[in-house]
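Participant: Reading the sequence shown from the start, the letters are residues 1493 to 1903 in the numbering used here. Quick reminder that beta carbons are idealized off the backbone N, C-alpha and C, glycines included. Keep in mind that this is a model prediction, so the values were computed, not measured.
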Amino acid sequence: MLQPVATGHKTLADYTHICGRGLIDEIRELAEPLKGSRVVHLSATAFGGGVSEILYTLVPLMRDVGLECEWQVIYGREEFFNATKLMHNALQGAPQDLTEEQWETWRRYNEMNARELAGGWDVCLIHDPQPAALYKLVPEKAAGWLWRCHIDLSTPNQQTIERLLPYIADYPQALFHTPDYVPAGMNGHVHIVPPAIDPLTPKNMALSPEDASYVCGQFGIDIDRPLMCQVSRFDPWKDPLGVIDTYRIVKESISTMQLALVGSMASDDPEGWDFFNATIAHAEGDPDIHILNNFNNVGAIEVNAFQSHADVVIQKSTREGFGLTVSEAIWKARPFIGGNVGGIPLQVEDGVTGFLVSNVEDCAKRTLEIMEDPALGKMLGRRGKEHVRAHFLTPRYLRDYLRIFRELQQS
Ligand code: UDP
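Next comes the structure, spelled out in structure tokens:
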């Protein structure tokens, strides 16, 4: 019932020229005593959103350094994903907690998945709250357990976090992006480890300006006119409506401006389609607003092209666990403007490697500044790219995991 995910093959050595030999050697040394360890990652979906994005890179690299690593997706039906989406929103601060029945649904599916999980793992890594109850239910199935939280738990709905806490508090190891996200009452070893992007995937590999323009042109973008872009799921926290409002202010000064909102729809996100339709309605038929999703054939290369071609890349989130799209955009050395929330300030130093904003007006003001001063945009982009190289590429993330696995091995 737990579905194994095929991730393909990756080779750590290919990253040497991007990340430097020192880091690659350090990874190999850490991995040596871990060779043959049986590691399983469990997540709610293999498609859409940041978690799956990360695992498609991390899992093959863990294999490449000698671990017997697998990724399995838990079983769930609509009733489960409706409950977990609500839980996700509540944990990020939404006022509505799950009903008693929804909590029961969450637990029942966790019990089902716990029964199905094979035993004998050295490490079981549970991603996010959806399968979080597994450790409590079947601790004997793995020697080491780790809960990886990908969301912003800094101001959770109190009722929801209190209900979840008994299930997550006792994980021997837990990982969070920032110290602000660690809920009070965690009893195990807490690590602060932000995620990272893969510089060699089709989404992030170097794309020539001509190729990027060509791809954007295919989606109806006029490549001779300026473009603002946001890439993210259609979700209220990502604030695509605020991006449209920003564009409208910018367009008063730059009438040729265009906007692309590129958003994939995740299979575990039943609300996504409603909000997608709300976003289309907010655009009021403006032909310079392009709203695209993965059902229009917008895949990784297209995301790369939009991020590489845009004059300004925006991530105007009002809550953001980390925001892989932030590092993705900055890695392309584009001028970036993001909401000053969650994981975004980790990746962007205001005025140095991009801009941080808290409302539509500031977002529009910064966009205009960048448009009027190309040298400023270039400088932000160049510095930003080096910041991402130093902190947010997958080999660094792999190293951090291996360090934790070594700790588990020695404990
Ligand atoms: N993404 C994509 N296509 C889209 C929209 C998003 O491939 O149309 C990817 C995006 O490039 C990023 C991930 O989905 O790699 C989203 O991760 P992030 O951490 O930004 O946000 P999450 O969706 O996990 O909240």
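Apply the 10 Å Cβ neighbour rule to His1619 and answer buried if 16 or more other Cβ atoms are within range, or exposed otherwise.
Facilitator: Counted from its first residue, the sequence shown places residue 1619 at position 127. When all chains shown are included, His1619 counts as buried.
Participant: Where does Ser1544 fall in DSSP's three states?
Facilitator: Residue mapping note: residue 1544 aligns to position 52 of the sequence shown, counting from 1. Here Ser1544 sits in helix by DSSP.
Participant: Quick check on the DSSP output: the beta strand (DSSP E) that includes Asn1769 runs from which residue to which?
Facilitator: Position 277 of the sequence shown, counting from 1, holds the residue named residue 1769. Run containing Asn1769: none in the beta strand (DSSP E); it sits in the alpha helix (DSSP H), 1764-1775.
Participant: What number of angstroms, rounded off, separates the C-alpha of Glu1763 from the C-alpha of Arg1740?
Facilitator: Translated into positions along the sequence shown, residue 1763 becomes position 271. Translated into positions along the sequence shown, residue 1740 becomes position 248. Approximately 26 Å, taken between the alpha carbons.
Participant: What are the boundary residues of the beta strand (DSSP E) that His1681 is part of?
Facilitator: Within the sequence shown, numbered from 1, the residue matching residue 1681 stands at position 189. Unbroken beta strand (DSSP E) run through His1681: 1681-1684.
Participant: If distances are taken between C-alpha atoms only, which option among Ile1793, Leu1838, Ser1809 comes closest to Ser1700?
Facilitator: The count along the sequence shown starts at 1 and reaches residue 1700 at position 208. The shortest Cα separation from Ser1700 among Ile1793, Leu1838, Ser1809 belongs to Ile1793.
Participant: Quick check: the Cα distance between Ile1746 and Glu1861, rounded to an integer number of angstroms?
Facilitator: Looking up residue 1746 in the sequence shown gives position 254. Looking up residue 1861 in the sequence shown gives position 369. Roughly 12 Å between the two C-alpha positions.
Participant: Examine the ligand UDP and report whether any of its heavy atoms sits within less than 7 Å of the Cβ of Arg1725.
Facilitator: Here residue 1725 is taken as the residue at index 233 of the sequence shown, counted from 1. Yes.
Participant: For the 8 Å Cβ check, are there 3 or more pairs between the segment 1550-1566 and the segment 1640-1647?
Facilitator: No, the segment 1550-1566 does not touch the segment 1640-1647.
Participant: Just how far apart, CA to CA, sit Val1531 and Trp1598?
Facilitator: Here residue 1531 is taken as the residue at index 39 of the sequence shown, counted from 1. Here residue 1598 is taken as the residue at index 106 of the sequence shown, counted from 1. Using only the alpha carbons, I get a separation of about 25 Å.
Participant: Using a Cβ-Cβ cutoff of less than 7 Å, which residues in the same chain neighbour Lys1502 once the five nearest sequence positions on both sides are dropped?
Facilitator: Sequence index remark: in the sequence shown, residue 1502 carries index 10 (1-based). Excluding positions up to five away in sequence, the list reads Thr1549, Pro1552, Leu1553, Asp1556.
Participant: Return the first residue and the last residue of the beta strand (DSSP E) that His1642 is part of.
Facilitator: In the sequence shown, residue 1642 corresponds to position 150, counting from 1. No beta strand (DSSP E) holds His1642; DSSP gives it neither H nor E.
Participant: Is Met1720 helix, strand or coil when you go by DSSP?
Facilitator: Within the sequence shown, residue 1720 is the residue found at index 228, counting from 1. Note: Met1720 maps to strand in three-state DSSP.
Participant: Cβ of Phe1884 versus every heavy atom of the ligand UDP: is any distance shorter than 7 Å?
Facilitator: Position 392 of the sequence shown, counting from 1, holds the residue named residue 1884. No, Cβ of Phe1884 sits at least 7 Å from all heavy atoms of the ligand UDP.
Participant: Quick check on Glu1864: buried or exposed, where buried means 16 or more other Cβ atoms within 10 Å of its Cβ?
Facilitator: Translated into positions along the sequence shown, residue 1864 becomes position 372. Answer is exposed; the Cβ neighbour count stays below 16.
Participant: Which of the three DSSP states is assigned to Glu1841 in this structure?
Facilitator: Within the sequence shown, the letter at position 349 stands for residue 1841. The answer is coil: DSSP assigns Glu1841 none of H, G, I, E or B.
Participant: When DSSP builds the beta bridges, which residues end up paired with Tyr1755?
Facilitator: Along the sequence shown, one-based indexing puts residue 1755 at 263. A quick correction: the sequence has Gly, not Tyr, at residue 1755. Paired residues: Asn1785.
Participant: Tell me which residue opens and which closes the beta strand (DSSP E) that Asp1614 is part of.
Facilitator: As a first step, residue 1614 is located in the sequence shown; it is residue number 122 there, counting from the start. Per DSSP, Asp1614 belongs to the beta strand (DSSP E) from 1613-1619.
Participant: Please identify the residue among Pro1687, Ile1806, Tyr1889 whose C-alpha is closest to the C-alpha of Gly1446.
Facilitator: The first residue shown for the chain is 1493 and the last is 1903, placing residue 1446 beyond what the model contains.
Participant: Check the DSSP bridge columns for Gln1807 and list the partner residues they point to.
Facilitator: For the purposes of this step, residue 1807 is identified with residue 315 of the sequence shown, where counting begins at 1. Answer is Gly1830, bridged to Gln1807.
Participant: Please report the distance separating the alpha-carbon of Cys1708 from that of Met1749.
Facilitator: As a working mapping, residue 1708 is identified with position 216 in the sequence shown. As a working mapping, residue 1749 is identified with position 257 in the sequence shown. If you take the alpha carbons of Cys1708 and Met1749, they lie about 15 Å apart.
Participant: Beta-carbon separation of Leu1617 and His1669 under 8 Å?
Facilitator: Position 125 of the sequence shown, counted from the start, is the residue given in the question as residue 1617. Position 177 of the sequence shown, counted from the start, is the residue given in the question as residue 1669. No.
Participant: Considering Glu1864, what are the terminal residues of the beta strand (DSSP E) in which it resides?
Facilitator: By 1-based counting over the sequence shown, the position of residue 1864 is 372. Note, Glu1864: premise wrong, no beta strand (DSSP E); alpha helix (DSSP H) at 1852-1864.
Participant: Taking 7 Å as the line, does the beta carbon of Val1754 fall inside it for any heavy atom of the ligand UDP?
Facilitator: Here the question's residue 1754 lines up with position 262 in the sequence shown. Yes, the Cβ of Val1754 comes within 7 Å of a heavy atom of the ligand UDP.
Participant: Locate the beta strand (DSSP E) running through Ala1666, then write down its first and last residues.
Facilitator: Here the question's residue 1666 lines up with position 174 in the sequence shown. Per DSSP, Ala1666 belongs to the beta strand (DSSP E) from 1665-1668.
Participant: Out of Asp1803, Asn1602, Gln1584, Glu1654, point me to the one whose CA is closest to Phe1573's CA.
Facilitator: Against the sequence shown, residue 1573 aligns to sequence position 81. Checked all of Asp1803, Asn1602, Gln1584, Glu1654; the closest Cα to Phe1573 is Asn1602.
Participant: Between Gln1584, Leu1578, Arg1600, Leu1583, which lies nearest to Thr1591 when the distance is taken from Cα to Cα?
Facilitator: Residue 1591 sits at position 99 when you count from the first residue of the sequence shown. Looking at the Cα atoms, Leu1578 is the closest of the given residues.
Participant: Can you check which of these residues, Val1735, Val1880, Met1720, is closest to Phe1726 by C-alpha distance?
Facilitator: Position 234 of the sequence shown, counted from the start, is the residue given in the question as residue 1726. Of the listed residues, the one whose Cα sits closest to Phe1726 is Val1735.
Participant: May I ask which residues mark the beginning and end of the beta strand (DSSP E) holding Val1565?
Facilitator: Translated into the one-based positions of the sequence shown, residue 1565 becomes position 73. Taken as a continuous stretch (DSSP letters only), the beta strand (DSSP E) holding Val1565 covers 1560-1565.
Participant: Can you look up Ile1746 in the DSSP assignment and give me helix, strand or coil?
Facilitator: Here residue 1746 refers to the residue found at position 254 of the sequence shown. Correct three-state label for Ile1746: coil.
Participant: Go to Phe1847, then tell me how far its alpha helix (DSSP H) extends in each direction, as first and last residue.
Facilitator: On the sequence shown, residue 1847 is found 355 positions in, with the first residue counted as 1. Note, Phe1847: premise wrong, no alpha helix (DSSP H); beta strand (DSSP E) at 1847-1849.
Participant: What is the DSSP secondary structure of Arg1600, reduced to helix, strand or coil?
Facilitator: In the sequence shown, the residue the question calls residue 1600 occupies position 108. Three-state DSSP puts Arg1600 in a helix.
Participant: Comparing C-alpha positions only, which one of Lys1730, Leu1733, Leu1900, Leu1638 sits nearest to Met1678?
Facilitator: For the purposes of this step, residue 1678 is taken as the residue at position 186 of the sequence shown. Cα-wise, what sits closest to Met1678 is Leu1638.
Participant: Using the Cβ count rule (16 or more neighbours within 10 Å means buried), how would you classify Gly1777?
Facilitator: As a working note, residue 1777 is residue 285 in the sequence shown. The residue in question, Gly1777, is exposed, as its Cβ has fewer than 16 Cβ neighbours within 10 Å.
Participant: Is there contact between the segment 1876-1895 and the segment 1812-1822, where contact requires at least three CB pairs shorter than 8 Å?
Facilitator: With a cut-off of 8 Å, the segment 1812-1822 and the segment 1876-1895 count as touching, because enough Cβ pairs lie within range.
Participant: Apart from the five residues on each side of it in sequence, which residues of its chain come closer than 6 Å, Cβ to Cβ, to Glu1812?
Facilitator: Position 320 of the sequence shown, counted from the first residue, corresponds to residue 1812. Only Val1833, Gly1834, Gly1835, Ile1836 meet the Cβ criterion.
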